[in-house]
Structure formats: structure tokens, C-alpha cells
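Structure first, then comments.
Protein chains: 2
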Amino acid sequence: IDAEAVAAAEAAQAGLAKPAGALGVLESLSAQLAGIARTCPPAVPAKPAVGVFAGDHGVLAQGVTPWPSDITFVMCNVFQQGGAAINVLARAAGASVTVVDMGVAGPFAEGPGAEGGAELVSKKVRPGTADLAKGPALTRDEAIQALEAGIEVANTLIDGGADLLITGDMGIGNTTPSAALIAALTGTAADVVTGRGTGIDDEMLAHKTSIVADAVARISADADGVEVLAEVGGLEHAGIAGFVLGAAARGIPVILDGVIAGSAALVAQKIAPASVGYCIAGHRSFEPGHRIALEQLGLRPLLELDLRLGEGTGAALSVPIVQAAARILTEMATLASVMAGGQ
Amino acid sequence: IDAEAVAAAEAAQAGLAKPAGALGVLESLSAQLAGIARTCPPAVPAKPAVGVFAGDHGVLAQGVTPWPSDITFVMCNVFQQGGAAINVLARAAGASVTVVDMGVAGPFAEGPGAEGGAELVSKKVRPGTADLAKGPALTRDEAIQALEAGIEVANTLIDGGADLLITGDMGIGNTTPSAALIAALTGTAADVVTGRGTGIDDEMLAHKTSIVADAVARISADADGVEVLAEVGGLEHAGIAGFVLGAAARGIPVILDGVIAGSAALVAQKIAPASVGYCIAGHRSFEPGHRIALEQLGLRPLLELDLRLGEGTGAALSVPIVQAAARILTEMATLASVMAGGQ
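Each protein sequence line maps, in turn, to chains A and B.
Each residue of the first sequence is one higher than the last, beginning at 1410 in the working numbering.
Each residue of the second sequence is one higher than the last, beginning at 1410 in the working numbering.
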């Protein structure tokens, strides 16, 4: 991001009609937006777009969640109809929702959304990953294909006018690959980063943790980002990592949702460290690994409301804060104008 | 608030197309809104209104802040012109702003706002409080008059269609009476609740803390809410306490801003404990006393973004979250409809 625009925003904040620093995180966020836009003040984001990346997971064979993988395609249909939480929160934020089939195992038909619902787009790489407990989840070629699909989705949305991207995910079992990605990419022990996802008991958690630990142990210390992604990741994680890379390449800010996005952003960071400068952490989820991921990314979450749903819900909920940060730079009076008695 | 409507909202949340509890604080907030509205689902708040209560403080004679009291009336003019942070954030939230002169020492002229600015209303009780370091800040009659003015402002806004009230404040020096109110009403030591306000050094902080401690020591253990308010409060604190009482009496939710509102809500709680049920903590400010106040109120803040500006900024920034909580109950599909294949 552009250091001169960041400095200009910091200087502008110091000259607004308020004590220096009194708007806290809104001030640093406004400077980041200026840096991303490479100009100060940055335009207020007016056309946010959620990309919900969906996929299934071979590791479900190991019993890491009580939910069946069919929920993944069922929820994609709910997204299309407009009745899911992300539809509600995206409508509230004035954001479009595009659901991307990266690797749904069940039926998924491309098509426009119902009134207030999401468009469904297919970028299916394969119908679910292989079981990461038994070997690589993806081949290297599949991982690259999925990353490229995420980049394509970002480009399509930006070409359509989107000026703020929002990550979302849907995939039963996807906190297991997230924990593995975070463990591998931050060097943290599996039992620290593995959580209960959408609600599992102590026994299932211990089992899930040992699967994560064993899978991560297969990864060599000098593995690159694509190799880590292929070994223990998911197709929606790959799509989101590509989405982040695509947003960064186009100079558009991207709001990360919860632990799935956090783990995917670590992959993007490993591939292209500068991509993190374009990321905003929409919220911190209840999952323990998310905190570890955000620390390594150097991102402070805008919201901490104990959400653990995914879909992009926490990120969508933070859109007004991002817009407000830009508006402050654009619309507030300066101290100089107040002192001069004018406005 | 209505326990049946709360229970109905909790039952409704459990039946929506998501895992139970996965929307965290949005779920409990939606239940509170249902309880306040006495029906489930509650209407989505559509007409939020900020009341910015302004006043000056005799304790400025003691040197508790580097800022001159003239800033209070100058900022009221900025509010009217529309260039202050609260104007920007209120416009972003679709909220009106009304600035109420509770006790501004400088010139203050009632009148409508400029385009995008705030209306100014006078309820002046006296031009600033007496010096709380030397005796009561207000007489009991003045405190009651100021509480009644706050109730009147709430009634006027609600009669005008407001369905969500937002507290704001302006008053140079007003973190000193806030610290004293919090110390007195929570039984917490002055050095724990007294903070740096808008930026003071160690020496001034020690002086401010001793003033708070000495003033609180004058209050008898059996003092009622009005007595505490009169002894160590401020006129804007009294106005906000009345605003909260007025909102609660009319069954309208009220979002509290920072430490000034937190201390004022403690006064409202002391006078009418049930009023807290109508309060939502918009954010937690940087001031140390705010955490203590929120604990006693039993409120969890929606945002923690290190804001320390006042004016209602943190509360205005939280409006979309409150609206989103209500929308979830209104617009999300149920699990039953998803299972049945319909929407």
C-alpha cells in the first residue's frame, strides 16, 4: 500500500476537529484505506461484494464434526433463496452475495439468486478434498487451480464495480483444515489452534486435534504456501486465498471473516506477504485458532461478538465501520476551519 | 422488559437456519430488543436519534484538563454546522442529531441545523456547574430540573418518530464528574476509575484523582441517586440520565456512548433499576472507569475500538449492529422451512 497516502491520512486526522487519536481504530483504518486507494481521502466504499466460497472435506470420514456434508449444498440453496444469515447481513450492508462452488460434493447449479438472494457460480475443482488424515487434501495442480479461481472471482466482482470485497465460506468440516493451516503456517501446536467449530464434545475435539497434529507433521519446514495449502487445506480456503490475492493485485480492500478466512489469509501472506496490507479483519470469531492467525497477520479485529457461523457474517457486519472510517476523512471539519469560525 | 417476548426471541433464534448460538451477541441483543418492544420479532429500528447533552464544569478551576471551557460552545456550533465526528457518524447511520444545552457557560443559540447538521435546543439549567471540589456541583432542585429536561428531550424525539435513542455528550472537563459518579455509585476507589480524558499528564492525573476522591468522600452511604448526581455530577450527565429514564418509560431502546453515558446510566439505574433493561452499550471507551460502570450495569459493549471522543460517536457507530440483530429475527429462514425444501 502507498506510504505517502498513509502519511497524508495520518496528517489529515491530526488536523480534524477532535483531539488527536480520539477516534482510535477508525483513524488507523482510514489511513489503511488511503494507502490502499493510493490517495487521501480515499473514496467511501459504496459497492461491497461478498464472495462465499463453498467446499466439502474428505476428512469428514474421520468423524470431526456431527454434521453431514449434505448441509454444504443445502446451505448454498438457502443462500440463493436469500434466507441465510449472510443474506440478511449483506442486504443490511448494501452488499451483493456471490456463492462460489469450489468443491461442493453435492448438487450445485449455477444461476442467479432469488430476490435478495445470492448468485451461484461454479468453479468446481473437484467434489470435495481428499481425506487430509490419509494424505494430501489436494494435488499441487488442484491447489493452484483453486487459487486462480479465487483470483478470477475477485476480478469479476471488481470489474462489475465492487470497491470492497468481503470473504465468506461454507463447508461442513472446514475448521479442521483451518486449524491445520494455522498450525503449519504459524508454527503453533495443534491443541492451541484446534477448536470446537460448530459445537463438538471433548472426545471429538481430542480426535480432531490429533488428526490436525498428524497432518501438519507431514509438512516439511521449507514448504511453500501452495504446498501447505495442498497438503492440509480446503478448496474454499484456496478460493479465499486467491480472492485476497486478487483484491490486493487490483488495489481493493478485502474484509476477512472468521477463522476460515484467517487461515486462508495466512496462505496468501505466505505466497505474497504484501497482500496482508489490503486485508481488514472484520471480526474475531470464537475459534481459538483465529486469534493466532490474526496475530501473525498483524490485524486487529473490528468486532468481537462471539460469532462462529462463518458465511461472511462477521465481515459483513463490519462494513459500516469501514465506510465510517473513510467518511471521517472526507466529511469532518478541520480544526483550522473551526478556529477561523468557518466550516 | 417483557420476559415472554425475550423467551419467544430465544426460541425463534434456536429455530433459524444456523447452529444454535452461532450468531453470539447478535442473538442476545435480538432477544433484548424483543423484550423492549414486548413482541417478537421486534421491528427493525428505522429512525435513530442522537441526543448530545452539553454542559460546562466549575471544577475546571482546579486544572483537571488542559482544554478551555470555550471549546464546549465552539463544538456546539460545529455540531450545528454538521462538521463534527458525530455528524458524520450519525449521517452514516441515518440518525438525526439534537444538541441540548443543559448548562453551557458560553453563548448558545437555539435553532435548526445547517444541511446535515444538528438542531440546537436549550434546556439550560445554569451556565455550568459549581466547582465539585469545593461543594455540591448542583442543588437538588437543579439536579431534578436537569433530569426532567433529559426526559423531555426523549419524549420529544420519540413523539417525532424516533424508535432508537442514542446518547451523546459535550463538555470540557466532564470525565472528572464521570469518574466521581462511577466511584460513588460502584464503591470503587478514585484511582481505579479516574483516567486521562482527552490526554493529560501524570501530574494532572494525580491531581484529578485526588479531587475525585475528596468529592466522593462527602457523599453519605445512604445517598439516593439524585443526591449523588447533585453532589458530584454534571448537567449533561443529568440530562443523559433523564434521557435513559425517558426512553425506558416509553419502551424505546437507548444506546449508551462512552464513559459519560456509562456514569449517567448508573444514576438512572440508582433511581429506577429497571431502566438498564432498555440500555445497549454501544462501545467501550478507553477511559478506565467505563469498564467498571459497564460491569455494574451488566452490559457488554458492542464495539471496542479505543474511541475516546464522546459526542455519541461510539454509540452511533453501533447502530447498524443493533439493526442487524433485529433483522436476523425478521428475515432469516427457519431450519424447518429449509428441511422442508422451501423457503
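C-beta: ideal position from N, C-alpha, C; glycine also.
Neighbours of G1433/B in chain A, taken as residues whose beta carbon is under 8 Å from its own, are F1695, L1714, D1715, L1716 and R1717 in chain order.
Distances from the CA of I1737/A to each of A1494/B, A1539/B and A1674/B were compared; the closest alpha carbon is that of A1494/B. When the five nearest sequence neighbours on each side are left out, the beta carbons in the same chain lying within less than 6 Å of the beta carbon of M1484/A are those of M1579, in order along the chain. Here DSSP, grouped into helix, strand and coil, assigns H1699/A to helix.
Neighbours of K1427/A across chain B, judged by C-beta separation under 8 Å: A1493, A1494 and L1718. A1626/A and F1652/A have their C-alpha atoms roughly 28 Å apart. The beta-carbon of P1729/B is placed less than 8 Å from the nearest beta-carbon of chain A.
Under a criterion of Cβ atoms nearer than 7 Å, the residues of chain B adjacent to L1498/A are, in order, A1733.
Neighbours of T1607/A across chain B, judged by C-beta separation under 8 Å: P1428 and A1431. Taking each of Q1422/B, H1692/B, A1702/B and E1696/B in turn and checking the Cα distance to K1679/B, the smallest one comes out for A1702/B. Within chain A, no C-beta atom comes nearer than 9 Å to that of R1549/B; the closest sits roughly 34 Å away. Comparing alpha-carbon positions, the option among I1575/A, A1542/A and L1469/A lying closest to P1454/A turns out to be I1575/A. Here V1668/A is near G1698/A, since their CB atoms are less than 8 Å apart. A distance below 6 Å between beta-carbons, with the five flanking residues on each side excluded, links W1476/A to the following residues of its chain, in chain order: I1581. The beta carbon of I1661/A sits closer than 8 Å to the beta carbons of I1445, A1563, I1567, A1571, D1572, L1573, L1574 and Y1687 from its chain, once the five residues preceding and following it are set aside; these are given in chain order. The Cβ atoms of R1717/B and S1746/B do not sit closer than 8 Å to each other.
With fewer than 16 other CB atoms across the displayed protein chains lying within 10 angstroms of its CB, P1516/A is exposed. For V1747/A, the C-beta contacts it makes with chain B under 7 Å involve V1483 and V1487, in order along the chain. Beta-bridge annotation (DSSP): A1683/B is not paired with any residue. As the crow flies, the alpha-carbon of E1713/B is around 11 Å from that of R1709/A. Put simply, the CB of I1737/A is near chain B, with a gap under 8 Å to one of its CB atoms.
Pairing A1632/A with K1533/A, the inter-Cα distance amounts to about 25 Å.
For L1541/A, there is no enclosing beta strand (DSSP E), as DSSP marks it with neither H nor E.
DSSP, reduced to helix, strand and coil, places F1462/B within a strand of the structure shown.
Contact note: E1740/A reaches chain B through V1497, using a C-beta cutoff of 7 Å and chain order. The CB of L1726/A comes closer than 9 Å to the CB of L1435, P1729, I1730 and A1733 in chain B, given here in chain order. Chain-ordered, the chain B residues with CB closer than 7 Å to the CB of A1501/A read P1729, Q1732, A1733 and R1736. Residue range T1584 to T1595 is occupied by the alpha helix (DSSP H) that includes T1585/A, with no beta strand (DSSP E) assigned at that position. In terms of Cβ geometry, H1466/A and T1548/A do not form a close pair [threshold 8 Å]. Non-local beta-carbon contacts of A1681/A in its own chain, meaning distances under 8 Å to residues more than five positions away in sequence, involve L1654 and A1657 in chain order. In this chain, the beta strand (DSSP E) harbouring I1664/B covers V1663 to L1665.
DSSP places G1577/A inside the beta strand (DSSP E), whose first and last residues are L1573 to M1579. DSSP places T1565/B in the helix class (H, G or I) of the three-state scheme. Apart from sequence neighbours up to five positions away, the residues of its chain that approach G1491/B with a beta-carbon distance below 6 Å are A1523, G1525 and G1526, ordered along the chain. Taking the C-beta atoms as reference points, L1590/A is found nearer than 8 Å to H1646/A.
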